[in-house]
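Visitor:
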Amino acid sequence: MQHFSRTFLAASISTALLVPTTQAEVNIQDSVQEMPTTDQCLVTASGEEDALNAPVVVQADSLQAINGDKAQYSGNVEVTQGPKKITADSVTLHQQDNVVVAEGNVTFNDGQVKARSDRVTNDINQDTFSLENTDYQFLCQQGRGTAAYIARTGQSVYELEDGSITSCPQGDNSWRLVASGIDVDQDEETATLHHPRFEILDVPVFYVPYLTMPIGDTRKTGFLFPSLSYGSSDGLEVEVPFYWNIAPEYDMTLTTLYMQQRGTKLDADFRYLTDGWGQGEIKTEYMNSDKKYQDEARWGYQFQHDGIINKHWVVKADYSRVSDIDYFRDLSSDLGNREDGQLIQEGQVKYRSDFWDASLTVRDFQILLPDENKPYRLLPQFDLNYYTPLWGDYVNFDVKSQISRFEVEDTDRPNATRVHIEPGLTIPLSNTWATWTTEARVLSTYYSQDISNLTDASLKNQLDENVSRVIPEFRSHAQLYLERDTTFIEGYTQTLEPQIQYLYIPEEDQSNIYDYDTTQLQTDYYGLFRSRRYSGLDFIAAANQFSYGASTRFFDDDYKERLNISFGQIYYINKDTKFNKKSQDNASDSSATNYSSWAIETDFNYNDYLFYHGGIQYDVDLGEMQLANSTLEYQYEGGFIQGNYRYVTLDYITNTVQNNDDARTDWSRVTRKGISQAGIVTAYEFNPRWSASGQYYYDLNESNTLEWLASLRYQSDCWYIGFTYSNQLLGWEGDVIGSEDASPEYENNISVNFGIQGFATSERAATAAKELDGSDNAIKYGRPFYLNN
Numbered sequence: 147m148q149h150f151s152r153t154f155l156a157a158s159i160s161t162a163l164l165v166p167t168t169q170a171e172v173n174i175q176d177s178v179q180e181m182p183t184t185d186q187c188l189v190t191a192s193g194e195e196d197a198l199n200a201p202v203v204v205q206a207d208s209l210q211a212i213n214g215d216k217a218q219y220s221g222n223v224e225v226t227q228g229p230k231k232i233t234a235d236s237v238t239l240h241q242q243d244n245v246v247v248a249e250g251n252v253t254f255n256d257g258q259v260k261a262r263s264d265r266v267t268n269d270i271n272q273d274t275f276s277l278e279n280t281d282y283q284f285l286c287q288q289g290r291g292t293a294a295y296i297a298r299t300g301q302s303v304y305e306l307e308d309g310s311i312t313s314c315p316q317g318d319n320s321w322r323l324v325a326s327g328i329d330v331d332q333d334e335e336t337a338t339l340h341h342p343r344f345e346i347l348d349v350p351v352f353y354v355p356y357l358t359m360p361i362g363d364t365r366k367t368g369f370l371f372p373s374l375s376y377g378s379s380d381g382l383e384v385e386v387p388f389y390w391n392i393a394p395e396y397d398m399t400l401t402t403l404y405m406q407q408r409g410t411k412l413d414a415d416f417r418y419l420t421d422g423w424g425q426g427e428i429k430t431e432y433m434n435s436d437k438k439y440q441d442e443a444r445w446g447y448q449f450q451h452d453g454i455i456n457k458h459w460v461v462k463a464d465y466s467r468v469s470d471i472d473y474f475r476d477l478s479s480d481l482g483n484r485e486d487g488q489l490i491q492e493g494q495v496k497y498r499s500d501f502w503d504a505s506l507t508v509r510d511f512q513i514l515l516p517d518e519n520k521p522y523r524l525l526p527q528f529d530l531n532y533y534t535p536l537w538g539d540y541v542n543f544d545v546k547s548q549i550s551r552f553e554v555e556d557t558d559r560p561n562a563t564r565v566h567i568e569p570g571l572t573i574p575l576s577n578t579w580a581t582w583t584t585e586a587r588v589l590s591t592y593y594s595q596d597i598s599n600l601t602d603a604s605l606k607n608q609l610d611e612n613v614s615r616v617i618p619e620f621r622s623h624a625q626l627y628l629e630r631d632t633t634f635i636e637g638y639t640q641t642l643e644p645q646i647q648y649l650y651i652p653e654e655d656q657s658n659i660y661d662y663d664t665t666q667l668q669t670d671y672y673g674l675f676r677s678r679r680y681s682g683l684d685f686i687a688a689a690n691q692f693s694y695g696a697s698t699r700f701f702d703d704d705y706k707e708r709l710n711i712s713f714g715q716i717y718y719i720n721k722d723t724k725f726n727k728k729s730q731d732n733a734s735d736s737s738a739t740n741y742s743s744w745a746i747e748t749d750f751n752y753n754d755y756l757f758y759h760g761g762i763q764y765d766v767d768l769g770e771m772q773l774a775n776s777t778l779e780y781q782y783e784g785g786f787i788q789g790n791y792r793y794v795t796l797d798y799i800t801n802t803v804q805n806n807d808d809a810r811t812d813w814s815r816v817t818r819k820g821i822s823q824a825g826i827v828t829a830y831e832f833n834p835r836w837s838a839s840g841q842y843y844y845d846l847n848e849s850n851t852l853e854w855l856a857s858l859r860y861q862s863d864c865w866y867i868g869f870t871y872s873n874q875l876l877g878w879e880g881d882v883i884g885s886e887d888a889s890p891e892y893e894n895n896i897s898v899n900f901g902i903q904g905f906a907t908s909e910r911a912a913t914a915a916k917e918l919d920g921s922d923n924a925i926k927y928g929r930p931f932y933l934n935n
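For the sequence shown, the residue numbers in my numbering are 147 to 935.
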């Protein structure tokens, strides 16, 4: 036996490994000094090969060697090779096999995994190793745990026996997966577990014979972590998602949701991306039997596609359908929300060129309200538009044309074909401080209405089978942009933007035309300067009027908008056009003025923490407000509080929403006094782990609560738990709101939700404000300000 000093021992192993002694002696000090001292991922693209060629350096207190057989190092032994480092009480080098065996208080770190073991065996030639009775942690991906035996069998491939794995940080054993065997592929970022069981605080929760799951941020096939919740409404809920990475351009998420009082719901979400046709998504939901509400199957599906082909073709599709009208009220769904009254079913193909475009559209709806008239199907509609400059940038010419086929499953209403052609001339003039746009159009429309089979005799007598309508339209709109430095507030710039519009459309009797896709538009400030009062083409309201108004804005030194106020109204030269509605007598009210309601909108941003938005429409004839909304929000570090109010009179609702097709609408089932609702919304993050949110809405007209919602959430690095209380108004029992026979019907629910953070679900939860926009609350949180920043 030979004994050496520690300094010489550091270089001697290089001779045993057939590495030139001079190289080891030259690099010994640098190798020790450059050895990483932090537990970081040190793998690079060429790192594996560089590590194999790196010199091996050993430091120890003593060495006993048998030439050609083995060398035994003891006392504070350190073995380093590139990023790899082993420390132990003793290390034995088997020279013929180039195998190092470390024992006693062993630590191991190769830049991919660090571990503390009873024994480590490292084959230097093959760059493989095994560890016994180990606490380990991966450095390049999430994951740590224990194992009776760990072997590295290939590049970044690890096999664990009788081991566990978790994404919780060191010292936190909130949850873990325990398995007889775990195969970890760090390059593929997947873990395969054999006979795993899921444990919470060392208590087994469930077992599966086989499990594959992703352990990184890249898309990998495998189970995502389940979530558990308990609610007073549906009982225990367990949600288990499975992600299938079919191909780089296709994937699918399959989710099983077990509800104790309802049954099992199966969800699928398939996404695709193509080179030539765009991208899309298919969602399906299915319950074989809903034991609580309907002892029958409930289902829903949605198909969405959006693509551009060869820069000219546009293809869009959006088709959704559910099994029944109460689907969103009874079930939490990714297809819609409980406040949705309809689902759209639409497809469109469009071609675009420099001077013209054409599109073919089909559209239908599924109505989710009881006893409502079915909407018209568009089967199909063909649009062809042409536009070109006639005289430089001074005169433009365009033609809008459309052929539409409307069909409905209701013998009280007619089917129809509509042909519309609308040529127009536009003169746009502008400079840096003003714009002036004048346009003249001719609206030519032909209807072929199927009235022979109508069962409503009065409607049949009112309508004509063939109708030709030609209506001219003239509009001239001018706006100024004036700017100055404010005198009463230093450092601010104020703009004044007055605008005026003249609109003329002659009156035309259109009572012989049915409403197929026409709805009255909202008459807010921005609606004062529209050219049409109604959407669609079935009723062109007469107009002979001036619209006038102005906006003023205030900008700070950074030209950030802090305040804007807009106000305006319409002056009707011909007062009869003020009351021009298709569903009512157009005769003017002799006591009415020639003025419309004043429309006012304002937004305010004070120092980026206090925000306000408000809008009103004040009826000058009645001397009262018809519509008002107001929102004030205060934001502070970690949270916000918002108060809001909205008010709409019943007259405004009936006059705006109701057309001749809505004459049978029973407004008492919806509201008897209009809308007068106040609410408060708040959210706060106490620290990175604890957050709370809540909202409360109250109906001042009916003196009853619309919605209570309060939640408290705790989130650590590897798990979260949330507590939620909700009390939501579902509807009214009885025919007439406010009558003795009617009473509000509420749904109360107290729920506890538990879930896992880690691996593929490692993203932190949404902020407190975003949590309020979840699926549990019927009234969503909305920003109160939309300033131009």
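Glycine residues also receive a C-beta, built at the ideal position from the N, C-alpha and C atoms.
1) Tell me whether residue 261 is buried or exposed, calling it buried when 16 or more other Cβ atoms sit within 10 Å of its Cβ.
2) Comparing alpha-carbon positions, which option in 451, 188, 318, 748 lies nearest residue 757?
3) Buried or exposed: where does residue 420 fall if 16 or more other Cβ atoms within 10 Å of its Cβ makes it buried?
4) Just verifying my parser: in three-state terms, what is the DSSP assignment at residue 605?
5) Let's test the definition: count the other Cβ atoms within 10 Å of the Cβ of residue 537 and tell me whether it reaches 16, buried, or not, exposed.
6) Which of helix, strand or coil does DSSP assign to residue 721?
7) Tell me the rounded alpha-carbon separation between residue 246 and residue 413.
8) Is there contact here, the segment 307 to 314 with the segment 288 to 298, by at least three beta-carbon pairs under 8 Å?
9) Quick one: grab the DSSP three-state call for residue 475.
10) Give me whichever residues DSSP pairs with residue 321 in a beta bridge.
11) Hey, residue 446 and residue 467: beta-carbon distance below 8 Å or not?
12) Over what stretch of residues does the beta strand (DSSP E) that includes residue 276 continue unbroken?
13) Could you give the residue range of the beta strand (DSSP E) that holds residue 390?
14) With a threshold of 8 Å, are at least 3 pairs of Cβ atoms found where one atom belongs to the segment 417 to 437 and the other to the segment 450 to 457?
15) Between the segment 634 to 647 and the segment 655 to 665, are three or more C-beta pairs nearer than 8 Å?
16) Where residue 713 and residue 686 are concerned, what is the direct C-alpha to C-alpha distance, given to the nearest angstrom?
17) Please report how far the alpha carbon of residue 438 lies from the alpha carbon of residue 472, in whole angstroms.
18) Out of 841, 469, 562, state which residue places its alpha-carbon closest to the alpha-carbon of residue 660.
19) From 488, 465, 548, pick the residue whose C-alpha is nearest to that of residue 505; which is it?
20) Can you tell me whether residue 439 is helix, strand or coil according to DSSP?
21) Do residue 899 and residue 378 have their C-beta atoms closer together than 8 Å?
22) If you draw a straight line from the C-alpha of residue 280 to the C-alpha of residue 235, how long is it?
23) Would you report the Cα separation of residue 168 and residue 265, rounded to the nearest angstrom?
24) For residue 397, list the residues DSSP reports as bridge partners.
25) In terms of residue numbering, what span does the beta strand (DSSP E) encompassing residue 892 cover?
26) Can you tell me which of the three DSSP states residue 659 falls into?
27) How big is the Cα-Cα spacing for residue 543 and residue 844?
28) Looking at C-beta atoms only, is the number of pairs between the segment 387 to 395 and the segment 329 to 344 that lie closer than 8 Å three or more?
29) Quick one: complete alpha helix (DSSP H) runs, 4+ long, within the segment 547 to 633?
30) Which residues bound the beta strand (DSSP E) around residue 444?
31) So what does DSSP say about residue 167, is it helix, strand or coil?
32) Please name the residue, chosen from 707, 604, 592, that lies closest to residue 683 on a Cα-to-Cα basis.
33) Rounded to whole angstroms, what is the Cα-Cα separation between residue 863 and residue 875?
34) Just verifying my parser: in three-state terms, what is the DSSP assignment at residue 846?
35) On the DSSP bridge assignment, give the partners of residue 800 in chain order.
36) Specify whether the segment 554 to 574 and the segment 582 to 590 touch according to this definition: at least 3 beta carbon pairs, one from each stretch, less than 8 Å apart.
Guide: According to the structure shown:
1) The residue in question, residue 261, is buried, as its Cβ has 16 or more Cβ neighbours within 10 Å.
2) Closest option to residue 757, Cα to Cα, is 748.
3) Per the 10 Å Cβ criterion, exposed.
4) Looking at residue 605 - three-state DSSP - the assignment turns out to be helix.
5) Counting Cβ neighbours within 10 Å, residue 537 comes out exposed, since fewer than 16 surround it.
6) Three-state result, residue 721: helix.
7) Using only the alpha carbons, I get a separation of about 52 Å.
8) Three or more beta-carbon pairs drawn from the segment 307 to 314 and the segment 288 to 298 are found closer than 8 Å, and the two stretches are therefore classed as touching.
9) In the three-state reduction of the DSSP assignment, residue 475 falls in the helix class.
10) Residue 321 pairs with 346.
11) Their beta carbons are under 8 Å apart, which means residue 446 touches residue 467 by this criterion.
12) For residue 276, the uninterrupted beta strand (DSSP E) run begins and ends at 274 to 284, by DSSP.
13) Its beta strand (DSSP E) spans residues 381 to 393.
14) Yes: at least three Cβ pairs fall under 8 Å.
15) The segment 634 to 647 vs the segment 655 to 665: no contact.
16) One C-alpha to the other measures close to 26 Å.
17) When rounded, the distance between both Cα atoms is 13 Å.
18) If we check each option's Cα against that of residue 660, 562 comes out closest.
19) Taking the Cα of residue 505 as reference, the smallest distance to any Cα among 488, 465, 548 is reached at 548.
20) Here residue 439 sits in coil by DSSP.
21) At a Cβ-Cβ threshold of 8 Å, residue 899 and residue 378 do not count as neighbours.
22) Cα-Cα distance, rounded: 16 Å.
23) At residue 168 the pLDDT is 26, less than 50, meaning the model places this residue with poor confidence; the figure from the coordinates comes in the next sentence. Taken atom to atom, the span from the alpha-carbon of residue 168 to that of residue 265 is near 31 Å.
24) Beta-bridge pairing links residue 397 to 417.
25) Boundaries of the beta strand (DSSP E) around residue 892: 889 to 902.
26) Of the three classes helix, strand and coil, the one that applies to residue 659 here is coil, per DSSP.
27) A straight-line Cα-Cα distance of about 52 Å links residue 543 and residue 844.
28) No contact exists between the segment 387 to 395 and the segment 329 to 344.
29) If we require 4 residues or more, the alpha helix (DSSP H) runs fully inside the segment 547 to 633 come out as 603 to 608.
30) Looking at the DSSP string, the run of the beta strand (DSSP E) that includes residue 444 is 444 to 455.
31) Caution applies to residue 167, whose pLDDT of 28 falls short of 50 and renders its modelled position unreliable; the model cannot decide the point.
32) Nearest C-alpha to residue 683: 592.
33) Per the coordinates, the alpha-carbon of residue 863 lies some 36 Å from the alpha-carbon of residue 875.
34) Three-state result, residue 846: coil.
35) Paired residue(s): none; residue 800 is not in a bridge.
36) Touching, yes, given that three or more Cβ pairs across the two stretches are closer than 8 Å.
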